[in-house]
Amino acid sequence: MLSRSRPLVGVLIGALATAAALTTAPAAHAATLTPSVVREFGYDHILNTSGGYHTPTVRPELAGARAFATGDNFTVALMADGTLMSWGYNTYGQLGDGTYTSHATPVVVKKVSGAVAIAAGPDYAIALLSNGQLRVWGNSLQGQLGTVGVKFPTPVRYTLPQVAKSVAIGYDHVLVALADGSVLGWGGNEWGQLGNGTMDPNDNRVVTPVPVTGLTGVVAVTAGRHASFARRSDGTVWKWGVELGPSGEYANATPVQMPGLTGAVSVSVSYYYGMALMPDGTVRAWGDNYSGFLGDGTTTSTNDPVTVLGLTGVTQIDSGTYHTVALRNDGTVWAWGSNYYGTLGDGTTNSRSLPAQVTGMPAATAVFADAYLTFVVSTS
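The structure is reproduced here in C-alpha cells:
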C-alpha cells in the first residue's frame, strides 16, 4: 500500500462545501409525487446576511423538493418530478441555468430531467439520471468535468463506459460506482483519492476516468475533501485517500477496509469526519472531533468508529462540513456538532457534542446538511 505523510488538515476558514456524497431522496425512484414542505435553518448563502435562521423556517418556493446538494455558496435541489432548482453564487455557471448571474431565489437548472440523485463540489455539480447517465455543469478548471479550463453554465452529458448507480464529489475529485460494481475516479489525486495505486505530488488533474484498484460489488460511493469511501453489497466499507481523524497526515492510494462498520446501511462523510448508519438504527462516527462532530459527548478525535450516544431507530443521516443531522423512525430530527450559524436548529449558536432533538416541526421524511445549513423535508 502506497502511503504518504502530509500536514494535518485543519478546519478551513469560510463557507466551504459539504463533502458531496451521493445525495438522493429516500423515495427518489418512486412514481408518485408526494407533496413536500421544506424547512431550513442556518446560513443560506446570499439569501440572508443577518446571521442566519436559528430555528426551522419554511421555504415555500422549495415545495416539492426531495433532496439537496450544496457547494461553496450555492445549492441544488432535486424536485419530485426529477427536475432541478438552484440558487446562490454563479461565477462559474454552477447554477446550471445557462448564465453566470447569481440568484438569491431558486432558478431552473436547464436540460436536466429524470434526475434521481445530485452531488455538488465547490463550484460544480453532477446529476445522476434514472437511465444511469450523468449531467455535469459549472467549473471544470481542474478537469473535474472532463475538460480542463472550461466552464459549463448549462449541463452537458458526461460519457461513461456503462451506466452509473452512485456518484460522489470531493473537493477536486469525482467518484462513480458503475452498474457492474466497479468504481471510476477522476480529478485531483495528490493524496491517492482516486484509488488507483498512485499519488501525484504535483497535483496534476486526471481528466480521463481511472478504475479504483481491487473494488468489486460496490453499491454506493461517498467522498470527503481528499478522502474516498465505498460501501459494498456485503456491507463492508472501504476507504482510500486521506485518513480522517488523528492519522490525517497519512493517505492510502488503494482501498483498505474500515474496521467496525460491516453491515453499514449508508455512509455520509464530511471533510473531517464520517458517519455510518448501522442496521440496528444506531450511528457510528470517526475522524476529527472539533466542536463535538462525532456525537459521543467528547471532543476527542479517533480513527476507529465510536457510537453516537443516545440515538436509536435512525433511518437517515447526513453530514455537513461541521455538523450532522439524523432522522429517526418516529419522524423526529436530531443534530449535533458546530452550531455557529444556528445549523442545529435549537435557537442558539452553542455547539453540541451529543445529539439534540430539533423541535417545532412536524414529522420529517428526509434531512440534509450543508456547511452552515440544514434542510428538513416533511409532508406538512
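Numbers -30 to -1, 1 to 350, taken from mature numbering (1 follows the signal peptide of the UniProt record, and there is no 0), label the letters of the sequence shown in order.
Even for Gly, the Cβ is constructed at its ideal location relative to N, Cα and C.
For clarity, every value in this text was computed on a predicted model and none was experimentally measured.
Cutoff 8 Å; reference residue i; Cβ partners in own chain excluding five residues on either side
{"i": "A326", "result": "W304, A305, W306, L314 and D316"}
{"i": "P229", "result": "D274 and P275"}
{"i": "T117", "result": "S110 and V177"}
{"i": "G140", "result": "A(-12), A(-11), G91, G157, G158, Q163, A193, G194, R195, H196, A197, S198 and G211"}
{"i": "T269", "result": "N259, Y260, S261, G262 and S323"}
Per DSSP, the bridge partner or partners of residue i
{"i": "H73", "result": "G58"}
{"i": "Y94", "result": "G108"}
{"i": "A336", "result": "V347"}
{"i": "G244", "result": "V239 and W256"}
{"i": "G211", "result": "A197 and N222"}
{"i": "R202", "result": "V188"}
{"i": "residue 353", "result": "Summary: the structure shown does not reach residue 353, with the chain confined to residues -30 through 350, and so no result is reported for it."}
{"i": "W304", "result": "A296 and Q327"}
{"i": "Y128", "result": "L104"}
{"i": "H143", "result": "G157"}
{"i": "P181", "result": "L154"}
{"i": "L148", "result": "A134"}
Residue span of the beta strand (DSSP E) that contains residue i, given as start and end
{"i": "V237", "result": "S236 to V239"}
{"i": "Q286", "result": "V284 to S289"}
{"i": "P216", "result": "No beta strand (DSSP E) holds P216; DSSP gives it neither H nor E."}
{"i": "H196", "result": "Counting along the chain, H196 falls outside any beta strand (DSSP E), and DSSP gives it neither H nor E."}
{"i": "M169", "result": "M169 -> no beta strand (DSSP E), and no H or E assigned at all."}
{"i": "F263", "result": "Careful: F263 lies outside any beta strand (DSSP E) and carries neither H nor E."}
{"i": "K80", "result": "Premise fails: K80 is in no beta strand (DSSP E) and is neither H nor E."}
{"i": "T40", "result": "A35 to G41"}
{"i": "E10", "result": "V7 to G12"}
{"i": "W156", "result": "V153 to G157"}
{"i": "T272", "result": "T272 to T277"}
{"i": "M228", "result": "Premise fails: M228 is in no beta strand (DSSP E) and is neither H nor E."}
{"i": "A138", "result": "A134 to I139"}
{"i": "V311", "result": "The identity of residue 311 in the sequence shown is Tyr, whereas the question assumes Val. It is not in any beta strand (DSSP E) - Y311 carries neither H nor E in the DSSP assignment."}
{"i": "T27", "result": "Y23 to V28"}
{"i": "V118", "result": "Note, V118: premise wrong, no beta strand (DSSP E); not H, not E."}
{"i": "L281", "result": "Run containing L281: none; DSSP gives neither H nor E here."}
{"i": "A47", "result": "F44 to M49"}
Contact set for residue i: own chain, Cβ-Cβ below 6 Å, skip 5 residues either direction
{"i": "A(-1)", "result": "Because the pLDDT of A(-1) is 27, which lies under 50, any placement of that residue in the model is unreliable, and the question is left without a value."}
{"i": "G84", "result": "G52, L99 and S100"}
{"i": "S271", "result": "G215, P216, D258 and N259"}
{"i": "W161", "result": "H196, G211, V212 and A221"}
{"i": "G151", "result": "T186, G187 and V188"}
{"i": "I88", "result": "T(-8), A39, V46, L48 and A97"}
{"i": "S261", "result": "G307, S308 and S321"}
{"i": "S136", "result": "L(-9), A147, A190 and V191"}
{"i": "T318", "result": "none"}
{"i": "Q132", "result": "L148 and A149"}
{"i": "R202", "result": "G187 and V188"}
{"i": "N166", "result": "V180 and T183"}
{"i": "Y241", "result": "A(-12), G194, R195 and T291"}
{"i": "L(-15)", "result": "Because the pLDDT of L(-15) is 30, which lies under 50, any placement of that residue in the model is unreliable, and the question is left without a value."}
{"i": "G102", "result": "V133 and A134"}
{"i": "R29", "result": "V8 and E10"}
{"i": "D14", "result": "L343"}
{"i": "P332", "result": "S348 and S350"}
Distance CB(residue i)-CB(residue j) smaller than 8 Å
{"i": "T25", "j": "G330", "result": "yes"}
{"i": "G184", "j": "T224", "result": "yes"}
{"i": "V79", "j": "G66", "result": "yes"}
{"i": "V207", "j": "A246", "result": "yes"}
{"i": "L148", "j": "A134", "result": "yes"}
{"i": "T71", "j": "N60", "result": "yes"}
{"i": "L297", "j": "Q286", "result": "yes"}
{"i": "R9", "j": "V346", "result": "yes"}
{"i": "G12", "j": "G312", "result": "yes"}
{"i": "Q114", "j": "V144", "result": "yes"}
{"i": "V82", "j": "L54", "result": "yes"}
{"i": "T294", "j": "G267", "result": "no"}
{"i": "F338", "j": "A50", "result": "no"}
{"i": "D93", "j": "D42", "result": "yes"}
Cutoff 8 Å: residue i Cβ touching any chain E Cβ
{"i": "H293", "result": "This model lacks chain E altogether; it includes just one protein chain."}
Supposed contact pair residue j and residue i - C-beta distance, whole angstroms, cut 8 Å
{"i": "G108", "j": "G155", "result": "Not confirmed; about 18 Å, so no contact."}
{"i": "V106", "j": "V120", "result": "Going by Cβ atoms, the distance from V106 to V120 rounds to 11 Å, so no, they are not a contact pair."}
{"i": "S56", "j": "A33", "result": "That pair is no contact at about 16 Å."}
{"i": "T282", "j": "G244", "result": "T282 to G244, Cβ: 20 Å. No contact."}
{"i": "T335", "j": "S350", "result": "Contact flag wrong, Cβ pair sits at about 10 Å."}
{"i": "V253", "j": "V226", "result": "About 22 Å; that fails the 8 Å criterion."}
{"i": "S238", "j": "D288", "result": "5 Å"}
Close-in-space but distant-in-sequence residues of the same chain around residue i (CB under 7 Å, 5 per side omitted)
{"i": "N320", "result": "N309"}
{"i": "P249", "result": "G233 and V235"}
{"i": "I(-18)", "result": "The predicted model places I(-18) with a pLDDT of 24, which falls under 50 and marks its position as unreliable, so this point remains unresolved."}
{"i": "G68", "result": "K80, P123 and T124"}
{"i": "D142", "result": "Q112, Q114, G157 and G158"}
{"i": "R175", "result": "Q112, G113, V118, G157 and G158"}
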